[in-house]
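Enquirer: For my numbering, add 1 to where a residue sits in the sequence shown, where the first one is 1.
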Amino acid sequence: MVETKIARRSIYSEEFKERWFKMSFAEQMGNIGSEVGRATKWQNKDEKSFWGAVGRAMELFDLTQMDKRWKG
């Protein structure tokens, strides 16, 4: 079994979420990419920073998935 170190409580404020749902798809993907890049930077160097970036990227993925504009 793989132990995950990602906290599943929301790390973003309601104000941030409101702004997120006004961003274009490209802007959302760019922000997710930045967090993935940070995770890559910290992998095998700083575990706390690595898992923090992974957690933020996952939450941004979740927010994008919840965005009604991208539902087909």
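Ideal Cβ placement from N, Cα and C applies to all residues, glycine included.
Flag this pair as yes or no: are the beta carbons of F51 and A58 separated by less than 7 angstroms?
Expert: Here residue 51 corresponds to residue number 50 of the sequence shown, with the count starting at 1. Here residue 58 corresponds to residue number 57 of the sequence shown, with the count starting at 1. No; because the gap between Cβ atoms is not below 7 angstroms, this pair is not in contact.
Enquirer: Determine the direct distance from the alpha carbon of W21 to that of E28, and round the result to whole angstroms.
Expert: Position 27 of the sequence shown, counted from the first residue, corresponds to residue 28. Position 20 of the sequence shown, counted from the first residue, corresponds to residue 21. So the alpha carbons of these two residues sit roughly 9 angstroms apart.
Enquirer: When you compare each of L61, V55, G73 to E19 by their alpha carbons, which one comes out closest?
Expert: The count along the sequence shown starts at 1 and reaches residue 19 at position 18. Per the Cα distances, L61.
Enquirer: Going by C-alpha distance, which of E15, S35, S14 is nearest V55?
Expert: Residue 55 sits at position 54 when you count from the first residue of the sequence shown. Answer by Cα proximity: S35.
Enquirer: Would you tell me roughly how many angstroms separate the C-alpha atoms of Q44 and E16, rounded to the nearest one?
Expert: The residue given as residue 44 occupies position 43 in the sequence shown. The residue given as residue 16 occupies position 15 in the sequence shown. Roughly 30 angstroms between the two C-alpha positions.
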